[in-house]
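Student: Have a look at the structure that comes next, please.
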Amino acid sequence: MLENAWLVPLFPLISFVLLVAFGRQLKEGAAYVGIVSLLSSFIVALGILFERLGHDAENYIQNFNWLTIGDKTLTVGFEITPLNALMLFVVTLVSLMVHIYSKGYMHGDERFPVFYTYLSLFTFSMLSLVISPNLLQAFIFWELVGAASFLLIGFYYFKPSARSAAKKAFIVTRIGDLGLLIGISLLFWQVGTFEYAGVFEAVEQGLVEPGFITLTAILIFIGAIGKSGQFPLHTWLPDAMEGPTPVSALIHAATMVAAGVYLVARTFPLFEASETAMYVVATVGGFTAIFAASIGLVQNDIKRVLAYSTVSQLGYMMLALGSAGFIAGVFHLFTHAFFKALLFLTAGSVIHAVHTQNIKEMGGLGKEMKITRAVFLIGALAISGFPGLAGFFSKDLILMSVYESGHVTLFWMALIAAVMTAFYMFRLYFLVFSGKPRHNANVHESPKNMTIPMIILSLLAIFAGYIEFFGFGEWITNNGVIAEEVEGPKWIMYLSIIAAFGGIALAWLMYGRDNKVKTGEPRGLHKLLFNKYYIDELYSTVVVRPYTIFGYVLKFFDKYVIGGLVQLSVWFSKAIGKIGSRLQNGQVQAYGLITIIGLVLLLVSLTAGRLLG
Amino acid sequence: MNLLELNWGLLAPELTIIILAAVITIADLVMSDKGDRKIFGWVSIVGIVIAIYFTLQQLGSPVEYLLENSYRVDSFGSLFKLIFLVGTGIVFIMSINYIDKEEIPHDGEFYYLLLTALVGAMIMASSADIITLYIGLELLSFSSYIMVGIRKKNLKSNEAAFKYIITGLISSTVFLYGVSFIYGLTGSTNLLVISERLPEAFTNGFDFYVYLGFFMILVGLSYKIAAVPSYMWAPDVYEGAPTPVTAFLAVISKAAGFAIIIRILVTIFVPIVTEYNFADPSQTEFFFFEATTYLAIIAALTMIIGNTMAIFQSNAKRLLALSSVAHAGYILIPLASMKSPLTMSIDISNMIFYLVVYLIMNLGVFTVVTIVNRDADTEDITSFRGLYHRNPLLGVAMSFFLISLAGLPVSAGFIAKFNIFVSAITVKSYWLAGIMVVTSVISYFYYFNIIRQMYMRPGRTEAKLRVSNSLQFVILLAFLGVLLLGIFPNTLLDFIYQNFNLADLFTVGFQR
């Protein structure tokens, strides 16, 4: 099975090609093409995971020479390690669920087949990114993933907000990608290979200077910051919620945004070799975790709350990786994918029913939407770290890793963020599902093809955490990453349980008990949080405006100086062409003459060269 | 010498084609005038496939020769023969669909002339004696002259044939005059003997004659590849010739020209040493590696003239003629970039790779041109209008061929251009690489003009454009070739590296 891993991205690619060619004719039948291809991918991915399970299973890598430039050979290929076997499983599973769910959610949309075309493109790129055995190939698919995300955020292109959100996502992540590209290029220049294995080997043998390792690691991390929406490049992710909700679940919660975390995990040996780089990763992650969670406390748009929650949770994963908690980071990546996708799908189900995203206009939905309410509760409990659910185990492991690594401040920040997480999740729960309705919509439970994926994901949100007891840590690290399983003091676990219950209780006191919605303008700290610390405004004045002015200057330069040069070169090449055409007068004797003149000129130039030289 | 003692097996690919041509000639005589001669085309394709098989068998065997080394089987010749055979096979498929009894009454002749032209090209690739080479050259040329003028009642076709033959004769004269100097200096027509004796003549004060011979041979052969200074026939002849013949001239005839240029120039001029450096052999100076500067000038002018003149063309075939002139300039770059014996093998491999890619994308383009011009009954670029809406797959394929001709990624054309760009950069010919990049940018102008016509201009009709199965097959093949070689260029590059051995050009081998 491992040698056939290339099949996993192949099926979505086939689906993409089919839908591009025949999408218009298939109409809503396009969904079946997408679902069947994803199901095939999922089965293969499952087979790969099982084959790669045992402790003695070997990694598999297959490379082909692609291009030879001078003495350097570029390769393409694929590889299977525990980390990417796990990722293949997560991506295909979540994508499959989203494919099924979208059949109900997108029903009746005019561009239904287009939606599935883009989904297939995205899934293909993401899966290819995961199995890439070298940085160059990974970068190509990294960009392709970004392009698919751009298309999907701007899916409702007739809405100006969706257009600008798509643009923003593209540009902001591009800043990160530039860092990544520079990092990759520097590594190639120094090490002479793009392959992960080659890079790690060079680092291990000390062929690369420590300062250089730090530099390239941080540059790669900048790429991850952009993709995973870490501070200060987090601003695009909440805006990306303009895309259809299934997209938010797949791309902006479970898979693509996790690609940044995946990249750091995949290049972990590089980071491990530099203490500074690790510290940067931990600090950025820890700060993002608490920073985004605090914004999430007061937002009123259900998807935006979840978006900030995603940013915050991704911060957790980065924090774990930066604290040498490789196992904890990857574990949280795994569990988070399920419960966050679940939460987004339930949010979609809610939006589908009431046609608004403002939680102040919801309330009391639990009565009609029993299934949605139940699975949302499971998701909320899981992410809050309720004992026994998936999030509890992974969050606990992160806290232990951070504590063990000795970053005391970051540890307390993470704990406070955990309280906040529980609070904003249950604020959502109470405002949406309990109390009296504050809307006039005729609410129904969503159709089966929406609820079934939600139920499957909710089961995973409950049980995914238990893999910790089946040697997950030992298994995930047997691909060469040196990371130890941490054993922290027991009180951390109790503290995290208290944090979860504290947050939930606080939410109940404020929103659950009397179920009143405050109206009026927010003030003070609330206002600061509501306006997301004014980061967008700050960027707008400090970066965007000067850039716009600079852009005008460039536009003038472009129009008159560059444009003039272009005109000149067009005129010049046309002039040469005219001379040539004039010689081409159709008379055969002229043609012969040119041949002879050519010969004479060559001989003259030779003689002249002799005489002068 | 007893002809019966010869190892005729060495000539198997050529003999297959010759027998085929003879059989078709006779069959054409026997068949009634009204009979459908398309069958000749299919029979020829089968014969070509057999010849390809024989050629593949010969790949990888050591150098062998016949008849006092005038005819030889080596890796260089075999690779080129494969190019000619595959190319001609596809031209046959195009011809079967193209030939119209009204326009070409002597269609039987068409088929066997195509075969004799092919034999000429194969002889050119595989001989090491100037006499044999010249016979191959003229066999190819004369067959082509007739094919160009085969539309007997078409004025343009007649004019094209006339111009082609006149310029061809001038070039042959210049070539032969150049060769006569070389013969005078060495007393032999055999390339390998010349290569032994010419260095002596060069150092004994006859260097100017060597230059004279070099230039005349170069100018004479520039005709076959349509490069400066004998490029001017190309637009007129390409326009007047039937489209499959145009494709043959653009692809096979040009590749044969490159085969003979590389064979003659490299074999006889490379061994000439101008200054030995015994202390440091790597610093030894060679005649050829200085003379390549002139090749670079020719390449540069060819690229500039081809690309700038193409901007003004409104006839699709004239445009493609000038585009093929421009490509001759590109393909000359690796030859012009030979500055030391070390890079020669890679440079020639790059040329062969480019020629293969050039073959695939051009045959694709010419096939589409055949279909579109037939349908619109005009050869103007406007015949492409609305093609995308009339047959989307055809439009996409054509766009991709043009993108490849323009040399943009992810097409084979990009890789081919990139390789020769690297050749030029490695020997620090930055100006030549620069001209290549600038002229390539100019070429976007006219390639994208065609693409614009296909997508953004309304067509004459909205009717679906039908394509026969065999042509669909050719287009699909070309499309896959351009795409796959763009993504996996190493499959072909490795094949060329493995099968091309530079030393073959200089070794005498053994007689069978």
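These protein sequence lines are chains F and H, in that order.
Residue numbers for the first sequence follow my numbering, so the first one is 2 and each next one is one higher.
Residue numbers for the second sequence follow my numbering, so the first one is 14 and each next one is one higher.
Each residue gets a CB set at the ideal place from its N, CA and C atoms; glycine is no exception.
No experiment lies behind these values; they were computed from the predicted model shown.
Check whether the Cβ of VAL589 of chain F lies closer than 9 Å to any Cβ atom in chain H.
Tutor: Within the first sequence, numbered from 1, the residue matching residue 589 of chain F stands at position 588. So yes, VAL589 of chain F belongs to the interface.
Student: Ends of the beta strand (DSSP E) at PHE79 of chain F?
Tutor: In the first sequence, counting from the first residue as 1, residue 79 of chain F sits at position 78. Here the beta strand (DSSP E) through PHE79 of chain F covers 73-81.
Student: Hey, does PHE189 of chain F have any beta-carbon neighbour from chain H nearer than 9 Å?
Tutor: Stepping through the first sequence from its first residue, residue 189 of chain F is reached at position 188. With 9 Å as the cut-off, PHE189 of chain F does not count as an interface residue toward chain H.
Student: Smallest Cα separation from LEU130 of chain F: which of F:SER162, F:TYR119, F:PHE142, F:LEU122?
Tutor: Along the first sequence, one-based indexing puts residue 130 of chain F at 129. LEU130 of chain F has its Cα closest to that of F:PHE142, out of F:SER162, F:TYR119, F:PHE142, F:LEU122.
Student: Would the beta-carbon of ASP142 of chain H fall within 9 Å of that of ASN82 of chain H?
Tutor: Taking the second sequence and counting its residues from 1, one reaches residue 142 of chain H at position 129. Taking the second sequence and counting its residues from 1, one reaches residue 82 of chain H at position 69. In contact: ASP142 of chain H and ASN82 of chain H (Cβ atoms closer than 9 Å).
Student: Assuming the contact rule is C-beta atoms closer than 8 Å, TYR177 of chain H and VAL161 of chain H should be a hit. Round their C-beta distance to whole Å, please.
Tutor: Along the second sequence, read from residue 1 onward, the residue named residue 177 of chain H stands at position 164. Along the second sequence, read from residue 1 onward, the residue named residue 161 of chain H stands at position 148. Right, the Cβ-Cβ distance comes to about 5 Å (below 8 Å), so this counts as a contact.
Student: Let me make sure I understand the geometry here. Which of H:LEU345, H:TYR371, H:SER108 has the alpha-carbon closest to that of ALA240 of chain H?
Tutor: As a first step, residue 240 of chain H is located in the second sequence; it is residue number 227 there, counting from the start. Ranking the options by Cα distance to ALA240 of chain H, first place goes to H:LEU345.
Student: When the Cα of PHE194 of chain H is compared with those of H:PRO75, H:ILE281, H:VAL258, which residue comes out closest?
Tutor: Translated into the one-based positions of the second sequence, residue 194 of chain H becomes position 181. It is H:ILE281.
Student: On the premise that LEU264 of chain F lies in contact with ILE221 of chain F, defined as a C-beta separation below 8 Å, what is that separation, rounded to the nearest angstrom?
Tutor: Counted from its first residue, the first sequence places residue 221 of chain F at position 220. Counted from its first residue, the first sequence places residue 264 of chain F at position 263. So it is a contact: roughly 7 Å between Cβ atoms.
Student: Using only CA atoms, which one of H:SER350, H:ILE179, H:ILE103, H:THR29 lies nearest to GLN588 of chain F?
Tutor: By 1-based counting over the first sequence, the position of residue 588 of chain F is 587. Minimum Cα distance to GLN588 of chain F is reached at H:ILE179.
Student: List, in order along the chain, the chain H residues whose C-beta lies closer than 7 Å to that of GLY599 of chain F?
Tutor: As a position in the first sequence, residue 599 of chain F is number 598, starting the count at 1. Going along chain H in sequence order, the residues near GLY599 of chain F (Cβ under 7 Å) are VAL232, VAL241, PRO242.
Student: What does TRP67 of chain F reach in chain H if we use C-beta pairs closer than 9 Å?
Tutor: As a first step, residue 67 of chain F is located in the first sequence; it is residue number 66 there, counting from the start. Residues of chain H passing the Cβ test: ILE500, PHE501, PRO502, ASN503.
Student: Check this for me: beta carbons of GLY266 of chain F and ILE214 of chain F, under 9 Å apart or not?
Tutor: Within the first sequence, residue 266 of chain F is the residue found at index 265, counting from 1. Within the first sequence, residue 214 of chain F is the residue found at index 213, counting from 1. Looking at the sequence shown, residue 266 of chain F is not Gly but Ala. For ALA266 of chain F and ILE214 of chain F, no; Cβs fall outside 9 Å.
Student: Chain F partners of SER184 of chain H, CB-CB under 8 Å?
Tutor: Within the second sequence, residue 184 of chain H is the residue found at index 171, counting from 1. Under the 8 Å cutoff, chain F gives THR596.
Student: Under 9 Å between beta-carbons, which chain H residues line up against GLN585 of chain F? List them in chain order, please.
Tutor: For the purposes of this step, residue 585 of chain F is taken as the residue at position 584 of the first sequence. Per Cβ cutoff of 9 Å: MET245, PRO248, ASP249, MET322.
Student: Report back the beta-carbon spacing between PHE156 of chain F and PHE125 of chain F to the nearest angstrom; my notes put them in contact at under 8 Å.
Tutor: The residue given as residue 156 of chain F occupies position 155 in the first sequence. The residue given as residue 125 of chain F occupies position 124 in the first sequence. About 18 Å separates the two Cβ atoms, so there is no contact after all.
Student: Here's a check: name, in chain order, each residue in its chain whose Cβ is nearer than 8 Å to the Cβ of ILE277 of chain H, leaving out the five neighbours to either side.
Tutor: Here residue 277 of chain H refers to the residue found at position 264 of the second sequence. So the qualifying residues of the chain are ILE143, LEU146, LEU204, ILE230, LEU234.
Student: Which residues, in chain order, does the stretch 436-470 of chain H contribute to contact with chain F at a C-beta distance below 7 Å?
Tutor: Answer set for the stretch 436-470 of chain H: ILE455.
Student: Consider the Cβ of LEU271 of chain F: report whether some Cβ of chain H lies at a distance smaller than 9 Å.
Tutor: In the first sequence, counting from the first residue as 1, residue 271 of chain F sits at position 270. False, the Cβ-Cβ gap to chain H never drops below 9 Å.
Student: Is the Cβ-Cβ distance between PRO502 of chain H and LEU68 of chain F less than 9 Å?
Tutor: As a first step, residue 502 of chain H is located in the second sequence; it is residue number 489 there, counting from the start. As a first step, residue 68 of chain F is located in the first sequence; it is residue number 67 there, counting from the start. Yes, the pair counts as a contact, with Cβ atoms nearer than the cut-off.
Student: Indicate whether at least one CB of chain F lies closer than 9 Å to the CB of PHE366 of chain H.
Tutor: For the purposes of this step, residue 366 of chain H is identified with residue 353 of the second sequence, where counting begins at 1. It does not; no Cβ of chain F falls within 9 Å.
Student: Could you tell me which chain H residues have their CB closer than 7 Å to the CB of GLY578 of chain F, listed as they occur along the chain?
Tutor: In the first sequence, the residue the question calls residue 578 of chain F occupies position 577. Residues of chain H passing the Cβ test: THR321, MET322, ILE324, PHE325.
Student: Among residues of its own chain, excluding the 5 on either side of PHE458 of chain H, which ones have a beta-carbon nearer than 7 Å to its beta-carbon?
Tutor: On the second sequence, residue 458 of chain H is found 445 positions in, with the first residue counted as 1. Closer than 7 Å at Cβ, skipping near neighbours: ILE324.
Student: Taking all protein chains shown into account, do 16 or more other C-beta atoms lie within 10 angstroms of the C-beta of GLU6 of chain H, making it buried, or fewer, making it exposed?
Tutor: Any property of residue 6 of chain H remains undetermined from this structure, which presents chain H solely from 14 to 525.
Student: Considering GLU475 of chain F, what are the terminal residues of the alpha helix (DSSP H) in which it resides?
Tutor: As a first step, residue 475 of chain F is located in the first sequence; it is residue number 474 there, counting from the start. GLU475 of chain F -> alpha helix (DSSP H) spans 473-477.
Student: Would you say TYR236 of chain H faces chain F, with C-beta separation under 9 Å as the test?
Tutor: Working through the second sequence from its first residue, we reach residue 236 of chain H at position 223. Taking Cβ atoms only, chain F reaches closer than 9 Å to TYR236 of chain H, which makes this a yes.
Student: For a contact defined as C-beta to C-beta under 7 Å, what are the partners of GLY78 of chain F on chain H?
Tutor: Here the question's residue 78 of chain F lines up with position 77 in the first sequence. Those do not exist, as GLY78 of chain F stays about 12 Å from chain H at its closest Cβ, beyond 7 Å.
Student: Among F:THR74, F:LYS304, F:LEU234, F:MET98, which has the Cα closest to the Cα of ILE456 of chain F?
Tutor: Along the first sequence, one-based indexing puts residue 456 of chain F at 455. Selected option, being the one with the closest Cα: F:MET98.
Student: Given that a residue counts as buried once 16 or more other Cβ atoms are within 10 Å of its Cβ, and exposed if not, what is HIS340 of chain H?
Tutor: Counting from one through the second sequence, the residue named residue 340 of chain H turns up at place 327. Its Cβ being crowded by 16 or more others within 10 Å, HIS340 of chain H is buried.
Student: By a C-beta neighbour count over all protein chains shown, 10 Å radius and 16 as the cutoff for buried, is GLN326 of chain H buried or exposed?
Tutor: Counting from 1 along the second sequence, the entry for residue 326 of chain H is found at position 313. Buried: at least 16 other Cβ atoms inside 10 Å.
Student: Where does THR422 of chain F sit, in a helix, a strand or coil, going by DSSP?
Tutor: As a working mapping, residue 422 of chain F is identified with position 421 in the first sequence. In the structure shown, THR422 of chain F sits in a helix (DSSP, three-state: H, G or I).
Student: Against chain H, does LEU130 of chain F count as a neighbour if the rule is that its beta carbon must be under 9 Å from one of theirs?
Tutor: Residue 130 of chain F sits at position 129 when you count from the first residue of the first sequence. It does not: the Cβ of LEU130 of chain F has no partner Cβ on chain H nearer than 9 Å.
Student: Is it right to say PRO490 of chain F is buried, meaning 16 or more other beta carbons lie within 10 angstroms of its own, or is it exposed?
Tutor: The residue labelled residue 490 of chain F in the question sits at position 489 within the first sequence. The residue in question, PRO490 of chain F, is exposed, as its Cβ has fewer than 16 Cβ neighbours within 10 Å.
Student: Which residues share a DSSP beta bridge with VAL86 of chain H?
Tutor: As a working mapping, residue 86 of chain H is identified with position 73 in the second sequence. Answer is H:GLU77.
Student: Run through chain F and tell me which residues come within less than 9 Å of ILE179 of chain H, C-beta to C-beta.
Tutor: Numbered from its first residue, the second sequence carries residue 179 of chain H at position 166. What ILE179 of chain H touches in chain F: VAL589, GLN590, TYR592, GLY593.
Student: Compute the distance between the beta-carbons of THR336 of chain F and PHE394 of chain F, then report whether it is under 9 Å.
Tutor: As a working note, residue 336 of chain F is residue 335 in the first sequence. As a working note, residue 394 of chain F is residue 393 in the first sequence. Yes, the Cβ-Cβ distance between THR336 of chain F and PHE394 of chain F is below 9 Å.
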